[in-house]
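Using full-length UniProt numbering, you'd call the opening residue of the sequence shown number 1 and step up by one each time.
To start, the structure itself, in structure tokens.
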Amino acid sequence: MEATELIKKVRKIEIKTRGLSQNIFAGEYHTAFKGRGMIFSEVREYQYGDDVRDIDWNVTARHNHPYVKVYEEERELTVMLLVDVSGSRLFGALGEEKREMIAEIAATIAFSAIQNNDKIGVLFFSDKIEKFIPPKKGRKHILFIIRELLDFSPESKGTDIGGALRYLTDALKKRTTAFVISDFIDDAESYRTSLSVAANKHDLISIQVFDKRDTQIPDIGLIRVKDLETGGERWLDTSSKRTRQALSKWWYDRQQKMTETMRHSGVDIASIATDEDYVRALMALFQRRGVR
């Protein structure tokens with residue numbers, strides 16, 4: 001992308017997403033994520049009513065009397081965006097391309113984070129770790145992230161969500177609020193274990209961006225289709241009812257497996273089509289978390 005065009009796009013997305021985060025998301029973001037992170041404060045003697053799960057068994061053994069760990073609310077969060085940059089994000093039949101919506105959603109979350117004095121970082125992944133931007137604060141950092149969201153060129157085209165989750169678990173020792181933003185065109189079984197481990201350590205949220213042509217295709221006759229991740233091409237007879245039903249079943253089965261995997265690990269997920277209003281979907285996600 002040319003420098004002047006990139007600057008214009010960065011400015012356009014900044015104006016739109018900063019406005020959304022200031023006027024719409026600020027309160028919901030704070031309610032949904034603030035206070036969920038807890039840090040160790042001190043050890044004191046056990047008192048009636050304390051949760052036995054907080055007992056510090058090492059201190060208890062030394063003093064021959066029960067002691068519990070006391071935690072306090074974290075005033076500052078670290079937010080990570082795990083952004084899928086695989087080949088399938090380039091698909092766009094209805095609405096905008098997936099990558100454009102992914103960039104806007106990520107930028108909106110980023111601006112919401114810095115308005116709440118949180119750090120924000122990004123991990124770009126395909127079937128490998130493409131780039132890691134450490135969490136920082138400030139508008140300059142946000143604009144750098146937006147430029148990368150719009151103009152980053154990955155080395156690979158495949159998808160490995162499990163690999164991204166393992167990297168998150170290993171790289172960030174402190175509890176983090178992490179958003180996985182992807183179309184989730186990956187085998188849920190391949191990242192099931194990594195998802196559970198990451199969700200146990202971090203506050204994990206999944207945002208699926210998909211095109212409705214991923215779910216079903218119209219009867220438009222014989223067409224040539226290309227897999228944007230593998231590069232493979234084939235002819236597809238969309239006039240065949242069996243072919244259209246097979247595609248719909250493939251999507252439905254994969255969605256069911258993905259949803260079950262998220263539920264098993266206690267991970268919230270929002271699925272947003274490229275021709276839908278992502279603002280409404282994010283609001284619903286934040287509000288759902290905020291009333292817990």
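Note that CB positions come from ideal geometry on N, CA and C, so glycine has one too.
query                                                                                                                          : result
I need the boundaries of the beta strand (DSSP E) containing I272, first residue and last residue.                             : 268-273
Buried or exposed: S182, going by 16 or more other Cβ atoms within 10 Å of its Cβ?                                             : buried
Going by alpha carbons, who is nearest to Y252 out of K201, R234, Q216?                                                        : Q216
Flag this pair as yes or no: are the beta carbons of L150 and M80 separated by less than 8 Å?                                  : no
Using a Cβ cut-off of 8 Å (strictly closer), state whether W235 contacts chain C.                                              : Going by chain labels, chain C is absent from the structure shown, which holds only one protein chain.
Over the uninterrupted beta strand (DSSP E) stretch that includes residue 329, give me the two end residues.                   : Outside the displayed span of the chain (1 to 292) sits residue 329, for which this structure offers no information.
For R192 versus T259, is the C-beta spacing smaller than 8 Å?                                                                  : no
Report the residue from D160, K119, K69 whose alpha carbon sits nearest the alpha carbon of E45.                               : K69
If you measure from the CB of R254, is any heavy atom of the ligand FAD nearer than 7 Å?                                       : Inclusion of the ligand FAD in the displayed structure is not the case, the ligand content being empty and no account of it being possible.
Quickly, what does DSSP pair E45 with across the bridge? List them, please.                                                    : Y67
Determine the burial state of K249: buried for a count of at least 16 other Cβ atoms within 10 Å of its Cβ, exposed for fewer. : exposed
May I ask you to list the residues that DSSP assigns as paired with T177?                                                      : V79, D203
Alpha carbon to alpha carbon, how far is E148 from K119?                                                                       : 17 Å
At which residues does the alpha helix (DSSP H) containing F184 begin and terminate?                                           : Taken as a continuous stretch (DSSP letters only), F184 belongs to no alpha helix (DSSP H), as it is neither H nor E.
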